[in-house]
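J.:
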Amino acid sequence: MSTTLVYVDARSLSADGLGKAEHELLTVAGQREGDVVVALSAPHDAAADLGRYGATTVVVPSADTAAAPAAGPAAFVAAVARDAAADVVLLTNSLESKEIAARLGVKLTAGVITDVVAVEGDVFTKSVLAGAYTTRSTTGPHLAIVTLKANSVEPGATGERSAEVRTLEAPDPGPAAIIERTEVKPASGRPGLTDARVVVSGGRGLDGNFGPIEDLADALGAAVGASRAATDAGWIDHSYQVGQTGQTVSPQLYIAAGISGAVQHKAGMQTAQTIVAINNDPDAPIFEIADLGIVGDLTEVLPQATEEIKKRKG
Amino acid sequence: MSDAPAQLKVLVLVKHVPDAQFDRHLAGESPRLDRQESILSELDEYAVEAALQLIEAHGGAKAGHEVTVLTMGPDAASNAVKKSLQMGATQGLHLNDAALAGSDAAATSLALAAAIRATGDYHLILTGMSSTDGETSLVPSQLAERLGLPQLTLVSSLEVDGAEVRAQRDADGQTQHLRASLPALVSVTDQFDEPRYPNFKGIMGAKKKKTTALTVADIGLTPDQVGTAGSLAVAVSAEERPARQGGTVITDQGDAGVKLADFLADQKLL
């Protein structure tokens, strides 16, 4: 009997349900043979509800593991993986998940494969070198620790089933940093950048005014993104940056406005299914990868598109 | 609080990577990266800058503080060390052994941890946030795990205060203020101060600085623990993604916003 272990950060579980990226993990796990065990990062009242997403068992730690960044969750997930004799461990592709995956790799002598977009048995597909290549990787006889990119699969239907909830003592995480305080960035009410189906991003060409980008994003129900030029200029917070040193996104639709398309930016978005670029420079490299390119003035094209989309959506 | 170390020893990991401005290629049966046209990873320059600022805040090299840079890679990787020495690092270490070729993150972190243990007691290990070739960002956390150090990753600022390091971490939509006792592992993002350019004095001074070559045997490992033999994740195939075909490019005639809406409707994206 095989077992797929899924790590779920308790913060992604709320009265509204489970975060989309975590729902995708459980969907992939449910497509595999055998049991689906969830290791939850902290005790949570809604732990049993994960049965609705296909979890057979949810293992919760005796105390919140997040106090020790990466080390705490990793120590707990390793204990659950050993206990459940997991064949593969799935995590989201967030920065924190990748760090937990890294430590699990050492603790469990497992191969770690990040940025995965497809899982077929024990072969994992990812794109590398800024999307220039697609590779298929395995961990051979070793356990596989896999981080799955958001938007890789269609989230499965939810049911009414309840999962069995078990508590396991959280092991000593070993030396770890202490979090003195955390400032959570104010929620915008828009979807999160990494799991949004549509992203509207702005760059240097905006000249500091993200208003038209936000308006178009709201008309499309999209997340807002930015190029490094825009975040370095201080027009928008660094957490919105798409690219090699920011967030990597693979939405269905990516609209790049006033972004030239430097290599570092393309690295973060060129696996989007459809790309639209708007730029006043006809020679901008972004046009080489855009399905639709518009050479024009952003201050005219963006508001017109926003009005037109609102009209059609009624 | 205990006292600050009298002589702060900082180790920075630097990597020689193919320049992302050019096309990069994978080749071979177990596909590996073609390492021509390589440079010091841009993201590692921030870690070197952070190390230099840290010792400067405590009196610099004159006060006996040291910044050692360590790289792992073939002969040409010495260029990453050289650039770091020109920026102001004190000395270099170059782990260079044919057995290391093809190492995944697990084998890389095993070799780097062994090299760190074999060469000294460091108060801080600094790395970039990610390599710009493998892009997995696994190695910093794996090193922390192997060396038993607290990890403070993706930091945009840091300071050593007594025997503690304090740092600001920006990731996943939040800012955390972290502290840990030394020794500790810190990875630095591109939100840290801009890396300095080597000046003439730095370039001339680097010629007199020492770089020590290390082999796998020197750090107490055997060839089968590293490289392809010691790797746990292996690429079995690599396909060059067909270059994205540019689609239609139109010039705004006053109706481009409407045309954009038409396109989205055609693609069923509205």
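Just so you know, the sequences run in chain order A and B.
For the first sequence, our numbering begins at 1441 and goes up steadily by one.
For the second sequence, our numbering begins at -12 and goes up steadily by one.
Using N, Cα and C, we set each Cβ at its ideal position, and we do this for glycine too.
1) Assuming Asp1449/A contacts Ser1481/A (C-beta within less than 8 angstroms), just tell me the rounded distance between them.
2) Using the rule of at least 16 other Cβ atoms within 10 Å of the residue's Cβ for burial, across every protein chain shown, is Ser17/B buried or exposed?
3) With a threshold of 7 angstroms between beta-carbons, can Thr1574/A be considered close to chain B, or not?
4) Identify the contact partners of Arg228/B in chain E, using a Cβ-Cβ distance below 8 angstroms as the criterion.
5) Would Glu1539/A be called buried (16 or more neighbouring beta carbons within 10 Å of its own) or exposed?
6) Which residue comes first and which comes last in the beta strand (DSSP E) that contains Asp1555/A?
7) Please check the pair Arg228/B and Tyr1573/A, which I expect to be a contact at CB under 8 angstroms, by giving their CB distance rounded to whole angstroms.
8) Return the Cβ separation of Val1586/A and Val1556/A in integer angstroms, given the expectation that the two are a contact with Cβ distance under 8 angstroms.
9) Does DSSP classify Tyr184/B as helix, strand or coil?
10) Kindly identify the DSSP beta-bridge partner or partners of Lys1750/A.
11) Return the Cβ separation of Pro161/B and Val1624/A in integer angstroms, given the expectation that the two are a contact with Cβ distance under 8 angstroms.
12) Any heavy atom of the ligand MG closer than 6 angstroms to the CB of Arg1752/A?
13) So, under 8 angstroms CB-CB, Arg156/B and Leu139/B are touching, yes? Tell me the CB distance rounded to an integer number of Å.
14) Leaving out five residues before and five after Ala1518/A in sequence, what residues of the same chain have Cβ atoms less than 7 angstroms from its Cβ?
15) Using 10 angstroms around the beta-carbon of Arg1668/A, count the other beta-carbons present and answer buried if the total reaches 16, otherwise exposed.
16) Could you list which residues in chain A have their beta carbon closer than 7 angstroms to that of Gly135/B, in chain order?
17) Helix, strand or coil for Met116/B, going by three-state DSSP, please let me know.
18) With burial defined as no fewer than 16 other Cβ atoms inside 10 Å of the residue's Cβ, what is the status of Asn1826/A: buried or exposed?
19) Ends of the beta strand (DSSP E) at Gly59/B?
20) To which residues of the same chain is Ala1503/A closer than 7 angstroms at the C-beta, ignoring the five residues directly before and after it?
21) Cβ atoms of Glu1748/A and Gly241/B: under 7 angstroms apart, would you say?
22) Of the residues Ala1663/A, Ile1729/A, Gly1708/A, which one's Cα is nearest the Cα of Gly234/B?
23) Going along the chain, which unbroken runs of the beta strand (DSSP E) with 3 or more residues stay wholly within the segment 1506 to 1550 of chain A?
24) Starting from Val142/B, trace the beta strand (DSSP E) both ways and give me its first and last residue.
25) Straight-line CA distance for His1678/A to Thr58/B?
26) Kindly say whether Gly217/B, judged by its beta-carbon, lies nearer than 7 angstroms to any beta-carbon of chain A.
27) Can you pull the chain B neighbours of Glu1536/A, defined as C-beta to C-beta under 7 angstroms?
28) Between which two residues does the beta strand (DSSP E) harbouring Ser1567/A extend?
29) Hey, is Asp177/B's beta-carbon within less than 7 angstroms of any beta-carbon in chain A?
30) Would you report the Cα separation of Ser128/B and Leu0/B, rounded to the nearest angstrom?
31) Please list, in chain order, the chain A residues whose beta carbon lies closer than 7 angstroms to that of Thr123/B.
32) Would you mind working out which of Ile103/B, Asp239/B, Ile190/B, Ser65/B sits nearest Ser28/B, comparing C-alpha positions?
33) Starting from the C-beta of Gly46/B, find all residues in its chain whose C-beta is less than 6 angstroms away, skip the five residues before and the five after it, and write them out in chain order.
34) Could you work out which residues of chain A lie near Gly234/B, taking near to mean beta carbons separated by less than 8 angstroms?
35) So if I threshold CB-CB distances at 9 angstroms, which residues from the segment 241 to 252 of chain B count as touching chain A?
36) Between Val1664/A and Ile1695/A, what straight-line distance do the alpha-carbon atoms span, to the nearest angstrom?
T.: Based on what the coordinates show:
1) 5 angstroms
2) exposed
3) yes
4) Absent from the structure is chain E; the protein chains it does hold are A and B.
5) buried
6) Element bounds for Asp1555/A: 1551 to 1560.
7) 6 angstroms
8) About 5 angstroms separates the Cβ atoms of Val1586/A and Val1556/A, confirming a contact at the 8 angstroms cut-off.
9) coil
10) None, per the DSSP bridge assignment.
11) Note on identity: in this sequence residue 161/B is Gln, with Pro being the wrong assignment. That belief holds up - the Cβ atoms of Gln161/B and Val1624/A are roughly 5 angstroms apart, short of 8 angstroms.
12) As presented, the structure is devoid of all ligands, the ligand MG included, so that no description of it is given.
13) About 7 angstroms; that satisfies the 8 angstroms criterion.
14) Leu1544, Lys1547, Leu1548, listed in sequence order.
15) buried
16) What Gly135/B touches in chain A: Gly1614, Pro1615.
17) coil
18) No answer is possible for residue 1826/A: the residues shown for chain A start at 1441 and end at 1754.
19) Rather than Gly, the amino acid found at residue 59/B in this sequence is Met. Run containing Met59/B: 53 to 59, per the beta strand (DSSP E) assignment.
20) Ala1610
21) no
22) Of Ala1663/A, Ile1729/A, Gly1708/A, the residue nearest in Cα terms is Ile1729/A.
23) DSSP runs (the beta strand (DSSP E)) wholly in the segment 1506 to 1550 of chain A: 1528 to 1532.
24) It spans 138 to 148 - the beta strand (DSSP E) in which Val142/B sits, taken as one unbroken run.
25) 29 angstroms
26) No, because no Cβ of chain A sits closer than 7 angstroms to the Cβ of Gly217/B.
27) Ala158, Asp159
28) 1563 to 1568
29) Interface residue, yes.
30) 13 angstroms
31) Thr1554
32) Taking Ser28/B as reference, the option from Ile103/B, Asp239/B, Ile190/B, Ser65/B with the minimal CA-CA separation is Ser65/B.
33) none
34) Contact note: Gly234/B reaches chain A through Ala1730, Asp1731, Leu1732, Gly1733, using a C-beta cutoff of 8 angstroms and chain order.
35) Of all residues in the segment 241 to 252 of chain B, Gly241, Asp242, Ala243, Gly244, Val245, Lys246, Leu247, Ala248, Asp249, Phe250, Leu251, Ala252 have a Cβ within less than 9 angstroms of some Cβ in chain A.
36) 10 angstroms
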